[in-house]
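Residue numbers (UniProt numbering), protein chains in the order written: chain A, 1 to 249; chain B, 1 to 309. From the three backbone atoms N, C-alpha and C, an ideal C-beta is built for every residue, glycine too. Given the structure is predicted, the values throughout are model-derived calculations rather than measurements.
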Amino acid sequence: MKVLVAVKRVVDYNVKVRVKPDNSGVDLANVKMSMNPFCEIAVEEAVRLKEKGVASEIVVVSIGPTQAQEQLRTALALGADRAVLVESAEELNSLAVAKLLKAVVDKEQPQLVILGKQAIDSDNNQTGQMLAALTGYAQGTFASKVEINGDKANVTREIDGGLQTVALNLPAIVTTDLRLNEPRYASLPNIMKAKKKPLETLTPDALGVSTASTVKTIKVEAPAARGAGIKVKSVAELVEKLKTEAKVI
Amino acid sequence: MTILVIAENTNSALAPATLNTVAAAQKIGGDIHVLVAGQGVGAVAEAAAKIAGVAKVLVADNAAFAHQLPENVAPLVVELGNGYSHILAAATSNGKNILPRVAAQLDVDQISEIVSVESPDTFKRPIYAGNAIATVQSSAAVKVITVRATGFDAVAAEGGSAAIENVSAGGDAGKSAFVGEELAKSDRPELTAAKIVVSGGRGMQNGDNFKHLYTLADKLGAAVGASRAAVDAGFVPNDMQVGQTGKIVAPQLYIAVGISGAIQHLAGMKDSKVIVAINKDEEAPIFQVADYGLVADLFEAVPELEKLV
């Protein structure tokens, strides 16, 4: 079966971001960018399905700026077969991304679409669920285990109280949680080979999708600073401070 | 303006996060209706009707809603929710699972994990693991929003007397089925609602050593959390994880034991009122946010702390 994987280019997870002085957003100039960690897990899961003989082709798609080609090449080096970039210079909301992905799903007709559960920049946790709604497919969100059984996918999900397993009719949408797998590293020969794999570029206009949004960001501020407190010398001093100063125990 | 709040429930009990969600709805202003979807939810509906400030409770009792499968619940919310000014749910795993599906079906953007209400159409929410706060404005006819429970003080669970109305909408969409679940059992308070949280990280070295934290927690009436490192190393189950990808907590007192304080962990606990860090590495980033820091070996400090409290 064909698997479609969506990946996002985001600021690297180790970077401590800074808010722009004019409060228009976060300063991304000259900041290290990477593939969103949850998307790496999605790519890894698709590659493992291919290695098991379950998946026959992996198409990786990104909605983003021209530079997102780097993240698509990374996915190709990890084992995806070909890539699609829907180029959009502006930052899109989840619904617009889901609509663009729906257009790609219509075109590619995958049996399984794997996305990360959330992007670590916008922290929305929406796109997979929205894509499921638009396509009418079942959704297995926050997946920590995926098993394909014929025309069904059994997905174990991380929920607040523990784990839940659901059976989804294929085609279906799955979003990955951190514990689904441990992504591999791309080897140098694979990185070289990935340069020759096909990468198609599309635009929202060509897909006939409007990216208009009902939500706009008015301003972005730094959170209230929390200063360092004091260091205590002993456990006894700590207990004394918690009892008399902070009054929390 | 009328606001629809989706009740977080386990069929037999109303989850406390619902009370925080109703608090957010009160900040928006207008009549508040609560939707209870599930199977055999009579007791939950009665509990919802008693919440202070709730005008009406809608009950959708159907086997198809028993496990909150989004393929079944989202169409129900869409059918009932069209016409409301706002649809709110707690940002729990159920809320996050169902609501974006509702938003897409209504063709509106969703606003995730709001921490404050500025006006009926303007909200604040954290982005970049809580390292920036965005103020967002929605022009959608129906504003679909998930609420971060720790951002709002719970309303009183008693004092209301809302009318209860049964609705017969919706059913099984036939796309998905519940297979089973494995819930972690614990006598300690629920992590996201606890007044005191004691969390352990990689410094605990193994799962067995978490018993030191359990003893301390039981003495304090606290819940026990963990960092991702502790979960990935298999010391404790994943539902104990605090952080950007785990649970968000904001207790009165958070005690971080053997946790370095990575950005992703801080995202889940830095709104705690008082933070205590116990770590033998005095350079650990956790000390930059801790109100009280103790540089010490946790295996000596924790048992001593347990004796003294």
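Do residue i and residue j have their CB atoms nearer than 8 Å?
{"i": "A/L4", "j": "A/V43", "result": "no"}
{"i": "B/S112", "j": "B/G151", "result": "no"}
{"i": "B/Y292", "j": "A/G227", "result": "no"}
{"i": "A/L95", "j": "B/A103", "result": "yes"}
{"i": "B/N85", "j": "B/V136", "result": "For the record, residue 85 of chain B in the displayed sequence is Ser; it is not Asn. Against a cut-off of 8 Å, the Cβ pair of B/V136 and B/S85 comes out as no contact."}
{"i": "A/L49", "j": "A/I148", "result": "yes"}
{"i": "B/A226", "j": "B/Q241", "result": "yes"}
{"i": "A/N36", "j": "A/V61", "result": "no"}
{"i": "A/A167", "j": "B/V179", "result": "yes"}
{"i": "B/A222", "j": "B/N20", "result": "no"}
{"i": "A/S88", "j": "A/T211", "result": "yes"}
{"i": "B/I6", "j": "B/L35", "result": "yes"}
{"i": "B/L220", "j": "B/V257", "result": "no"}
{"i": "B/G174", "j": "B/A60", "result": "no"}
{"i": "A/A153", "j": "A/G140", "result": "yes"}
{"i": "A/A222", "j": "B/A132", "result": "yes"}
{"i": "A/K117", "j": "A/T176", "result": "yes"}
{"i": "A/L112", "j": "A/P171", "result": "yes"}
{"i": "A/Q71", "j": "B/Q110", "result": "no"}
{"i": "A/G25", "j": "A/V174", "result": "no"}
{"i": "A/S213", "j": "B/I127", "result": "no"}
{"i": "B/V274", "j": "B/L294", "result": "no"}
{"i": "A/L78", "j": "A/V47", "result": "yes"}
{"i": "B/A157", "j": "B/K270", "result": "no"}
Using the three-state DSSP reduction, which class does residue i fall into: helix, strand or coil?
{"i": "A/L28", "result": "coil"}
{"i": "A/S94", "result": "helix"}
{"i": "B/R212", "result": "Residue identity differs from the one stated: residue 212 of chain B is His in this sequence, not Arg. In the structure shown, B/H212 sits in a helix (DSSP, three-state: H, G or I)."}
{"i": "B/G38", "result": "strand"}
{"i": "B/G81", "result": "helix"}
{"i": "B/G234", "result": "coil"}
{"i": "A/P65", "result": "coil"}
{"i": "B/N11", "result": "coil"}
{"i": "A/K50", "result": "helix"}
{"i": "B/P70", "result": "helix"}
{"i": "A/E158", "result": "strand"}
{"i": "B/E118", "result": "strand"}
{"i": "B/V124", "result": "What sits at residue 124 of chain B in the sequence shown is Lys, not Val. In this structure, B/K124 counts as strand in the three-state DSSP scheme."}
{"i": "B/M204", "result": "helix"}
By alpha-carbon positions, which one of the options ends up nearest to residue i?
{"i": "B/K280", "options": "B/A104, B/A193 and B/V302", "result": "B/V302"}
{"i": "B/P75", "options": "A/V47, A/M130 and A/S56", "result": "A/M130"}
{"i": "residue 317 of chain B", "options": "B/D239, B/A154 and B/Q241", "result": "Outside the modelled stretch of chain B, which goes from 1 to 309, sits residue 317 of chain B, for which no answer is possible."}
{"i": "B/V41", "options": "B/N11, B/A129 and B/I3", "result": "B/N11"}
{"i": "B/K96", "options": "A/N149, A/A103, A/R157 and A/P223", "result": "A/R157"}
{"i": "A/D151", "options": "A/P37, A/A143, A/D160 and A/Y137", "result": "A/Y137"}
{"i": "B/G130", "options": "A/V248, A/V19, A/M1 and A/N154", "result": "A/V19"}
{"i": "A/A80", "options": "A/K197, A/A98, A/V17 and A/V10", "result": "A/K197"}
{"i": "B/V249", "options": "B/D208, B/R125 and B/A193", "result": "B/A193"}
{"i": "B/D218", "options": "B/A230, B/G207, B/S199 and B/V144", "result": "B/S199"}
{"i": "B/D121", "options": "B/I145, B/V73, B/A37 and B/A132", "result": "B/I145"}
{"i": "A/I159", "options": "B/E165, B/N209, B/V309 and B/T245", "result": "B/T245"}
{"i": "B/P189", "options": "B/Q264, B/L106, B/G53 and B/Y214", "result": "B/Y214"}
{"i": "A/D205", "options": "A/N190, A/A103 and A/L199", "result": "A/A103"}
{"i": "B/V57", "options": "B/A43, B/S186 and B/M1", "result": "B/A43"}
{"i": "B/V309", "options": "A/V239, A/V248, A/K247 and A/A246", "result": "A/V239"}
{"i": "A/L180", "options": "A/S187, A/K2 and A/I41", "result": "A/I41"}
{"i": "B/Q205", "options": "B/M269, B/G234 and B/K124", "result": "B/G234"}
{"i": "B/A163", "options": "B/H33, B/A25, B/L305 and B/A15", "result": "B/H33"}
For residue i, report the span of its beta strand (DSSP E) as first-last.
{"i": "B/F152", "result": "Note, B/F152: premise wrong, no beta strand (DSSP E); not H, not E."}
{"i": "B/H86", "result": "H86 to A90"}
{"i": "B/D61", "result": "K56 to D61"}
{"i": "A/E182", "result": "No beta strand (DSSP E) holds A/E182; DSSP gives it neither H nor E."}
{"i": "B/Q110", "result": "Q110 to I114"}
{"i": "B/L4", "result": "T2 to I6"}
{"i": "B/L183", "result": "S176 to L183"}
{"i": "B/K27", "result": "Careful: B/K27 lies outside any beta strand (DSSP E), inside the alpha helix (DSSP H) at A17 to I28."}
{"i": "B/A223", "result": "A223 to A226"}
{"i": "A/L4", "result": "K2 to A6"}
{"i": "B/E165", "result": "A163 to N166"}
{"i": "B/G170", "result": "B/G170 -> no beta strand (DSSP E), and no H or E assigned at all."}
{"i": "B/Q137", "result": "A132 to S138"}
Starting from residue i, trace the alpha helix (DSSP H) both ways and give me its first and last residue.
{"i": "B/S93", "result": "S93 to Q105"}
{"i": "A/M192", "result": "L188 to A194"}
{"i": "B/F299", "result": "L298 to L308"}
{"i": "A/E240", "result": "V235 to T244"}
{"i": "A/A206", "result": "P204 to L207"}
At a cut-off of 7 Å, would you count residue i as near the ligand GDP, judging by its Cβ distance to the nearest heavy atom?
{"i": "B/F210", "result": "The ligand content of the structure shown is nil, which means the ligand GDP is not present either."}
Enumerated in chain order, which unbroken segments of the alpha helix (DSSP H) with a length of 4 residues or greater are wholly contained in the region 245-291 of chain B?
263-266
Which complete alpha helix (DSSP H) runs does the region 80-133 of chain A hold, if anything under 4 residues is left out?
94-108
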